[in-house]
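Okay, structure first, notes after.
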Amino acid sequence: MKKHYSILLITLVTLSVSAQNPAAYFRLDVKYYTEENEKYLGVSPDIRSDAPGLLGQGMRKYPRRFRFILTNKSKFLDQYEKLYPDTVKINNLYTQSLAADPLFMSYFSKLSLPFQNSNQKKMHIGLKELMLVASRFFYCESVKKDSTINAYVCVHLNGLKNAFDKDYTLIEAFCFEAIFESYKPQPQPTPFVVNFKSYIKEAERKEKHLFKDKAVYLEKIRHYCFNKMAKDKELQKALLAYYQLNKNNLPFELQLD
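Quick note on the working numbering: the sequence shown kicks off at 1084 and runs consecutively.
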């Protein structure tokens, strides 16, 4: 019995240590691009195809949530260009910066734990909070000359600084994944996207009298759509369906009461 316990303990410790080593799981894709006769170095964070163990399998199966924290919560340094083409050194520098960032490592650890320990204690979130976070991915960006709105389903919330009073990063990662996994433009458009477009049209008609002040006009329409999407039944249905499919590998429990 002691022997089995020791093996289990070593396995758990190995998993824990491995999860704290970003170099085993993440990499930067680095290459030069040419656009309008200008050359620039492009860097794109990604998951390693050889990421080890159960966690590596989980990351390859559910890459969006991990890419979300990579793109939105990791820091890119201004030293990469002078090191190119030494991509090994660039990647070492990047993954070292990840390991030294306690906030990023906290997000990574919390996303990782469900793949390593199914008995972990999870945070709780209510349905209203989930819908509030999800609604912010439906973003009205700008006003066209004819008063119509440029809008899109975004991949981050950078257009909204200090969007929430609480840190919802892990919930944002889930919403990002659930929305884009549910988004099927063909053959039938996704119902919650159809609804988003209809809310924009409603708001354009309702707020047309504000068009002369484009900033006010845009802000009114943006928040109208946020409020509508926070209550949208089709979006709620998609999020709940995705949650039910994946609740065992998520770092939170949804409270529906």
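All C-beta atoms in this analysis are idealised placements derived from N, C-alpha and C, irrespective of residue type, glycine included.
The three-state secondary structure of V1238, taken from DSSP, is coil. Under the DSSP assignment, R1110 falls in the beta strand (DSSP E) whose first and last residues are F1109 to E1118. Closest option to V1236, judged by alpha-carbon separation, among E1317, P1146, K1158 and F1259: F1259. Here DSSP, grouped into helix, strand and coil, assigns Q1319 to helix. With the rule of 3 Cβ pairs closer than 8 angstroms, the stretch 1299 to 1312 counts as touching the stretch 1271 to 1286.
The criterion of a C-beta distance shorter than 8 angstroms is satisfied by A1261 and L1322. In the three-state scheme derived from DSSP, where H, G and I count as helix and E and B as strand, K1280 is classed as helix. For S1127, the enclosing beta strand (DSSP E) starts and ends at E1121 to I1130.
Following the DSSP letters along the chain, one finds L1186 inside the alpha helix (DSSP H) bounded by residues P1185 to Q1199. Within the model, the alpha-carbon separation for Y1123 versus G1209 is close to 44 angstroms.
Nearest to M1214 by alpha-carbon distance, out of I1254, V1277 and L1166, is I1254. Taking C-beta atoms as the reference points, F1187 and L1194 fail to come closer than 8 angstroms.
Below 8 angstroms, enough C-beta pairs join the stretch 1161 to 1176 and the stretch 1104 to 1116 to call them touching: three or more. Secondary-structure assignment with DSSP links F1335 through a beta bridge to M1206. In terms of Cβ geometry, I1130 and P1146 form a close pair [threshold 8 angstroms].
Going by beta carbons, V1277 and Y1266 fall outside the 8 angstroms limit. The shortest CA-to-CA distance from F1191 to any of L1293, D1296, A1107 and K1314 is the one to A1107. Comparing C-alpha distances from L1160 to each of V1126, K1204, F1151 and E1302 shows the shortest one belongs to V1126. Contact check for E1336 and K1211: beta-carbon distance about 15 angstroms, past the 8 angstroms limit, so the pair fails to qualify. According to the DSSP secondary-structure assignment, N1233 is paired through a beta bridge with S1225. Contact between S1230 and K1291 holds, with the beta-carbon distance rounding to 7 angstroms and staying under 8 angstroms. For a cut-off of 8 angstroms, the C-beta gap from L1153 to Q1162 is around 18 angstroms, too long to register as a contact.
With respect to the 8 angstroms criterion, R1148 and A1134 are not classified as neighbours on the basis of their beta carbons.
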